[in-house]
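The structure appears below as structure tokens.
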Amino acid sequence: MCQEDFGAVIPIRSIPNHMLDQPTYFEDLDGNGLLDLVAFDHEGRLTGYQERTGDGDWIPFADFHSIPTINMHNKNIAKLDMTGNGLDDLSAGIVVPSFPAVRDPSDVFVLDLLGKGSSCLCHVSTNKTSSDKLLVWFLDMAGSSKPNLLRSFSNGSGSVTTVSYCPSTKFLLRDERKGNPWKTKFPFPVHVVSRVATQDLIAHTCSSTRPSPPGGQPMALAKQTTNFIKYSTFEYTDSAIKERHVFYKPVITDVAKYIVFGLPLMDTVRSITSFKKDYRRLQAQTVTDPNQNRTQVLRNALGHKAATAQIGITSTLPPLSPVPLSSELQFAQILTIQLSRSKHVIGQGANAEPDNITIAVNYFNSVSRLLQSVTLRLWETEGNKSTCWAFSGSTIYNEDKNIHQGVKSFYTLNFINAISHSVGTLNPDHTWSKVKLKPWTIYNFNASNLIRGSGPLADKDLGYHTKGLNKALYLPSFYNRAALKTNQNAQLAAEKSLVYTGCHTLSFLNSQGPVVQTSHKITSVEDDHHWVFCYNAHSDKVKEVNLLSQTVQQYTYDLSRRTILRKAMDPGSVVVLFDCLSNPLVSWERNGCLKLTQYNSQQRETEVKVVKNNKAEYIWSQIKYSDNEAYKAKALALNQRNQVINVWDQSSVRTNNLYDFKGNCTRSTVKYTTTYRSVFNATPEMLLDGEVFVINSEFDALDREKSSTDAVGRVTRRKYELGGGLTEVSTSSDGQRWVPHTSSIQYNADGVFTVVEHGNSTRTSYTYGDLDRRLVGKRTLRKDDTVLDDIPYVYDCLRRMVSTKDAAQQDVFFQNMKVDSSSNYTYDTHGRLVAATGREMLSGAEDPWFSSRSNSLRRQLITDGL
Numbered sequence: 001m002c003q004e005d006f007g008a009v010i011p012i013r014s015i016p017n018h019m020l021d022q023p024t025y026f027e028d029l030d031g032n033g034l035l036d037l038v039a040f041d042h043e044g045r046l047t048g049y050q051e052r053t054g055d056g057d058w059i060p061f062a063d064f065h066s067i068p069t070i071n072m073h074n075k076n077i078a079k080l081d082m083t084g085n086g087l088d089d090l091s092a093g094i095v096v097p098s099f100p101a102v103r104d105p106s107d108v109f110v111l112d113l114l115g116k117g118s119s120c121l122c123h124v125s126t127n128k129t130s131s132d133k134l135l136v137w138f139l140d141m142a143g144s145s146k147p148n149l150l151r152s153f154s155n156g157s158g159s160v161t162t163v164s165y166c167p168s169t170k171f172l173l174r175d176e177r178k179g180n181p182w183k184t185k186f187p188f189p190v191h192v193v194s195r196v197a198t199q200d201l202i203a204h205t206c207s208s209t210r211p212s213p214p215g216g217q218p219m220a221l222a223k224q225t226t227n228f229i230k231y232s233t234f235e236y237t238d239s240a241i242k243e244r245h246v247f248y249k250p251v252i253t254d255v256a257k258y259i260v261f262g263l264p265l266m267d268t269v270r271s272i273t274s275f276k277k278d279y280r281r282l283q284a285q286t287v288t289d290p291n292q293n294r295t296q297v298l299r300n301a302l303g304h305k306a307a308t309a310q311i312g313i314t315s316t317l318p319p320l321s322p323v324p325l326s327s328e329l330q331f332a333q334i335l336t337i338q339l340s341r342s343k344h345v346i347g348q349g350a351n352a353e354p355d356n357i358t359i360a361v362n363y364f365n366s367v368s369r370l371l372q373s374v375t376l377r378l379w380e381t382e383g384n385k386s387t388c389w390a391f392s393g394s395t396i397y398n399e400d401k402n403i404h405q406g407v408k409s410f411y412t413l414n415f416i417n418a419i420s421h422s423v424g425t426l427n428p429d430h431t432w433s434k435v436k437l438k439p440w441t442i443y444n445f446n447a448s449n450l451i452r453g454s455g456p457l458a459d460k461d462l463g464y465h466t467k468g469l470n471k472a473l474y475l476p477s478f479y480n481r482a483a484l485k486t487n488q489n490a491q492l493a494a495e496k497s498l499v500y501t502g503c504h505t506l507s508f509l510n511s512q513g514p515v516v517q518t519s520h521k522i523t524s525v526e527d528d529h530h531w532v533f534c535y536n537a538h539s540d541k542v543k544e545v546n547l548l549s550q551t552v553q554q555y556t557y558d559l560s561r562r563t564i565l566r567k568a569m570d571p572g573s574v575v576v577l578f579d580c581l582s583n584p585l586v587s588w589e590r591n592g593c594l595k596l597t598q599y600n601s602q603q604r605e606t607e608v609k610v611v612k613n614n615k616a617e618y619i620w621s622q623i624k625y626s627d628n629e630a631y632k633a634k635a636l637a638l639n640q641r642n643q644v645i646n647v648w649d650q651s652s653v654r655t656n657n658l659y660d661f662k663g664n665c666t667r668s669t670v671k672y673t674t675t676y677r678s679v680f681n682a683t684p685e686m687l688l689d690g691e692v693f694v695i696n697s698e699f700d701a702l703d704r705e706k707s708s709t710d711a712v713g714r715v716t717r718r719k720y721e722l723g724g725g726l727t728e729v730s731t732s733s734d735g736q737r738w739v740p741h742t743s744s745i746q747y748n749a750d751g752v753f754t755v756v757e758h759g760n761s762t763r764t765s766y767t768y769g770d771l772d773r774r775l776v777g778k779r780t781l782r783k784d785d786t787v788l789d790d791i792p793y794v795y796d797c798l799r800r801m802v803s804t805k806d807a808a809q810q811d812v813f814f815q816n817m818k819v820d821s822s823s824n825y826t827y828d829t830h831g832r833l834v835a836a837t838g839r840e841m842l843s844g845a846e847d848p849w850f851s852s853r854s855n856s857l858r859r860q861l862i863t864d865g866l
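For the sequence shown, position 163 (counting from the first letter as 1) is numbered 163 according to full-length UniProt numbering, and the numbering increases by one without interruption.
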């Protein structure tokens, strides 16, 4: 062989000198494939060993001191693996009771008799009968399972995971029986995961997974496989790190010594945000923004937020009391109770008005996913004898974290197959839909296609998923249930839904997954309506073709997969060019309008210019921020740092004069331009009217606007309920006489209003469906119970409105025709509105905005009853 066939010489470093004068042997002690040194004294006793690492070095010598003297033949010594790590062990003496008498030492041996990777102490003897058969007696030293394997763990929040194992020999024999022998084998069995079970002690559910490893590639633990990789760890203890981003965006961060915690942070306009860290929970405890406003966060033992306090620069932030830590986690129902003030309390004094404390209780499962929320709506008072709570719907998840069931006063079931694809949905109104998956094709059957069927149990695709359900959940069907009712609205909904029967949608996929064509199939019609979608190599949509083979939209992308050209039938062509940070710089439309946008160093929009038909360039709008040199001096006192100060556009200039410590604008002024009829440059030099309009706003502690003063001095006052909903709106011009516009609003558990009492003493009630929460009725009454409107709403099975009728309105006779107050809507099989009928009253005066042609058409529509 030539000299160049050999690599460079690698010397073995740190050979221990004390082992050179003792009998030494080479043996792989740790199973990493490298031979280690084992030392004996001159009397044959083991004195220690030294392992070799992958880079040719040695670990410190392991010295054995009180090793017992063994004065017997080697045949009387059996080495075995007690811990299951693949190595022979040496431990203190263990007495095995009732061990049979041994005549020949060769009758006792060590063997992996069970084939599970752990040793058994075996003994061979005869059965002492006439046949004198040999029997093998064994003692499983590892017990029922191999030791040192992870059996279970808990996340501390109610989730417990248990792991089961089986030897790799099981999969070896399985594959050999199937005719797929392994190409490579381990010289010893290894344990692989056979089952993983996760139990949710909060939701009382359990999910299990049984992985099936491929042949020859068992999922072994790291201790049972060998990887010749050297790992190096470097610790940096510099007290500061400076990092410069490209395109002139310097960010300078001071980092705590030895622990990488960001302290002060300076942005591109030299505004500093500082942090005070909670080193126990590794989270920010106090944050001070560039305006010196502070936010303090208190966290519990799990690192979740327990309390939050905010204060401005002029006040002292009181320290939050620490949360008591429990020594043990109780696996009860995990919940959080959120208490929030609606008023600022610092500086109010002892005579401050009582504050409403909002309360929200959130329930979580063991993996911290929200299950249900409960919000306090009304306290118990003299007028109200009970406390009112609003319960949201609860959610049930499967083992793949997909929503399996959503529960309110009704619930919707989602059916998920084994590969986590949704295959069907059962709605509370007895409508159901399904998705049929086939190679390269997806069949979608919505609720309209299945309203007259016998239910999902008889369906060959969903029958397996619904066989354990109560039949009352889907029988009678939507059509049969509505048709049997005496309510004419329900019968009309069933009749209108028949138009969709026998229709379904096909989606054809390409090899990368996107839909390349959708077809709307109708059983009674041979032709179908289909749309075609074209994609590029990166799965970006480049074209859409409608059923008339017309290109509806066409897209062009740059190398970063951003849309730079879009051609559409209605708006035409639109070209957009981006900068390196994906901000739109230049945009051009087909009508000849060119738009140029500029940004500052913080990537905030500062100026927009427009060019029409390659003519003069105009500054359409301009925005100034507090980092401008003209505002830096007084920005801190007015909480204006990192905020918008001035906005110039084609109508006016708006100035934000004052912000509160939460970033809400509390005072602004507006000056309108005098040349609004033509396009001009929106700059500080534009012509403005001399009158200044001042707008003031006041916010509560929950950032809700509770009072505002418009430009003419009219004050608008708003009140909110405990759940956050608006309840009262009133205005005043002099600050003493208040005119109510809305005197009361009541909400249901879903957060939508049910009763609205207006300032003119009218009362509007809203009614919602019990099973779908859709608006089914609206009724307005005067103070004397006179009905102003009474409108029911009727929907088909796809929740499209099909009919309304105002029962408070009388029938009208026009040109020998009786026209009632109902409105009806008709849809085709594709769900498109094709007809609408209703009543419209003509005004007695001639409308100058309509031509004689439009007026004649309008009269013709009313004559026809539309």
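By construction, the Cβ of each residue, glycine as well, lies at the ideal position given by its N, Cα and C atoms.
Fair warning: this is a prediction, and the values are worked out from it, not measured in the lab.
Exposed or buried, residue i, counting other C-beta atoms within 10 Å across all chains shown (16 or more means buried)?
i	result
Ser549	exposed
Tyr474	buried
Ser98	exposed
Arg774	exposed
Met817	exposed
Cys797	buried
Keeping to the same chain, check which residues put their C-beta closer than 8 angstroms to that of residue i; ignore five residues upstream and five downstream.
i	result
Val739	Ser730, Thr731, Ser732 and Gly759
Lys541	Pro514, Phe533, Cys534, Tyr535 and Tyr555
Thr762	Thr780, Leu781, Arg782, Lys783 and Leu788
Thr387	Leu376, Leu378, Trp379 and Glu380
Ala306	Leu298, Arg299, Asn300 and Val323
Leu29	Asp36, Val38, Tyr49, Glu51 and Leu87
For residue i, which three-state DSSP category applies?
i	result
Asn657	strand
Phe814	strand
Pro439	coil
Ser511	coil
His123	strand
residue 872	The structure shown does not extend to residue 872, since the chain is modelled only from 1 through 866, so no value can be given for it.
His304	coil
Ser106	helix
Ala807	coil
Val729	strand
Pro456	helix
Asp175	helix
Val499	helix
His465	helix
Lys471	helix
Asn76	helix
Lys170	helix
Spatial neighbours of residue i within its chain, please: C-beta separation below 7 angstroms, excluding the five flanking residues on both sides.
i	result
Trp588	Val575 and Leu594
Glu235	Unreliable placement is indicated for Glu235, whose pLDDT of 46 sits below 50; the coordinate value is still reported in the next sentence. Once the five neighbours on either side are set aside, Glu235 has no close Cβ partner at all.
Leu687	Thr673, Thr674 and Thr675
Asn583	Tyr599 and Gln603
residue 887	What the structure shows of the chain is the stretch from 1 to 866, and residue 887 is not part of that stretch, so it cannot be assessed.
Leaving out five residues before and five after residue i in sequence, what residues of the same chain have Cβ atoms less than 6 angstroms from its Cβ?
i	result
Thr804	Ile791, Tyr793 and Ser823
Ser697	Thr666, Glu705 and Ser708
Val374	Val361, Trp389 and Phe391
Trp137	His123
Arg281	Arg299 and Gly303
DSSP puts residue i in a beta bridge; with which residues?
i	result
residue 879	Nothing in the structure corresponds to residue 879, since the chain is present only between 1 and 866.
Are the region 438-446 and the region 776-790 touching by the rule of at least three beta carbon pairs closer than 8 angstroms? No, the region 438-446 does not touch the region 776-790.
Below 8 angstroms, can you find three or more Cβ-Cβ pairs linking the region 113-124 to the region 176-193? yes
Cβ contact check for the region 698-710 and the region 669-688: 3 or more pairs under 8 angstroms: Judged by Cβ distances under 8 angstroms, the region 698-710 makes no contact with the region 669-688, as fewer than three pairs qualify.
Should the region 461-474 be called in touch with the region 420-430, which here means at least 3 C-beta pairs below 8 angstroms? yes
Report yes or no: do three or more beta-carbon pairs, one from the region 448-462 and one from the region 488-501, lie closer than 8 angstroms? yes
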